[in-house]
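Data first, discussion second: the structure below is written as structure tokens.
Residue numbers (the working numbering), protein chains in the order written: chain A, 1 to 149; chain B, 1001 to 1178.
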């Protein structure tokens, strides 16, 4: 997540709310208010005292670190079968016609419109209209058209 | 490996990727569940069930919507809430918590530390489920306030109220037990 370089100034009330809610460790403070609170703390002995009170409670909370069983081997060895992934219809169609890896399937699918365009272009008859007269009129307009403008 | 790539591999049935997921997240999930349920065996079950669901529902994970840690904690939280509702009884006392304090614990720790730890566990145990969840997720699980609010389905303001109340109550309980 991109950090914002600008942080709006914090009121003293808001600073007290943050300290009362999150305690003394800046890591737990709201990211978008952290820098402002650090700056405000440097100027306010009252807030520093509140932070110290919070730090005492933080210290006590830190003492509870439960022991873990860490018995995950059975979990990994006895995993249930995963449900089949849902495929949308283009994927199903591609899998039916072109069994193989996903990358190849996608490349083939992307190439189909290109191939169709190429075939259509080859199979079309050459234009029969004679454009010579139209072209002549565009570059040599009749005199009355020029005078009207 | 980032969250999206890991879960993409898990969704394709890659057991090696799942092992990475388990090693990375199982301890945090178990700790979270112990701190909410106060029962070692239940916490272990919650962690295992959360990871099994992650295996089965890996396709549903969207890295654009949430970090993997948030997604897993959300599943674990729902499981813990279900258990707490099912139990519908008071939480065990602190010395029953996490399977009870063993003789080894006593030998390892000084008496003052043990008492202090015991007191803090009791103080957290008397909190309501909402207050305890807010405190545990924010304080112990190293999640941001936005992530905790998302897991609990509350606004940031509501989360902060829960946290202020939880910390105040823990402080009062600790003072009373001195």
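Idealized CB from N, CA, C, for every residue including glycine.
The beta carbon of residue 30 of chain A lies closer than 8 Å to those of 18, 22 in the same chain, with the five residues before and after it left out. The beta-carbon distance between residue 1141 of chain B and residue 1038 of chain B, rounded to whole angstroms, is 16 Å. This is too long to meet the 8 Å contact definition.
The C-beta separation of residue 1047 of chain B from residue 1029 of chain B comes to about 4 Å, placing the pair in contact by the 8 Å criterion. The three-state reading of DSSP puts residue 23 of chain A in coil, since its state is none of H, G, I, E or B. By the neighbour-count definition (other C-beta atoms within 10 Å, threshold 16), residue 84 of chain A is an exposed residue. Fully contained in the stretch 1121-1178 of chain B are the following alpha helix (DSSP H) runs of length 4 or more, in chain order: 1129-1135, 1145-1152, 1156-1176. The three-state secondary structure of residue 63 of chain A, taken from DSSP, is coil. Only those residues of the stretch 1051-1067 of chain B whose C-beta falls short of 8 Å from the nearest C-beta of chain A are listed: 1051, 1052, 1055, 1056, 1058, 1059.
At least one CB atom of chain B sits nearer than 9 Å to the CB of residue 28 of chain A. Per DSSP, the continuous alpha helix (DSSP H) segment holding residue 1078 of chain B begins and ends at 1068-1087. By the Cβ neighbour-count rule, residue 36 of chain A is buried, with 16 or more other Cβ atoms within 10 Å of its own. Contact annotation: in the stretch 1132-1151 of chain B, residues whose CB is within less than 7 Å of a CB in chain A are 1138, 1139, 1144, 1145. Per DSSP, reduced to three states, the secondary structure at residue 44 of chain A is coil, with no helix or strand assignment. Of all alpha-carbon atoms in B:1134, B:1117, B:1025, the one lying nearest the alpha-carbon of residue 64 of chain A is that of B:1117. Residue 1116 of chain B has a beta carbon lying within less than 9 Å of a beta carbon in chain A. At a beta-carbon threshold of 8 Å, the residues of chain B lying near residue 82 of chain A are 1011, 1013, 1055, 1056, 1058, ordered along the chain.
Below 8 Å, enough C-beta pairs join the stretch 1155-1165 of chain B and the stretch 1124-1136 of chain B to call them touching: three or more. Among the residues facing chain A, residue 1046 of chain B is not included, as its CB has no counterpart in that chain under 9 Å away. Proximity of residue 130 of chain A to chain B, defined by a Cβ-Cβ separation below 9 Å, is not satisfied. Residue 1079 of chain B is outside the set of residues whose beta carbon lies under 9 Å from a beta carbon in chain A. Annotation: residue 38 of chain A has no Cβ neighbours in chain B at a cutoff of 8 Å; minimum Cβ distance is about 17 Å.
Burial state of residue 1150 of chain B is buried, judged by a 10 Å Cβ sphere holding 16 or more other Cβ atoms.
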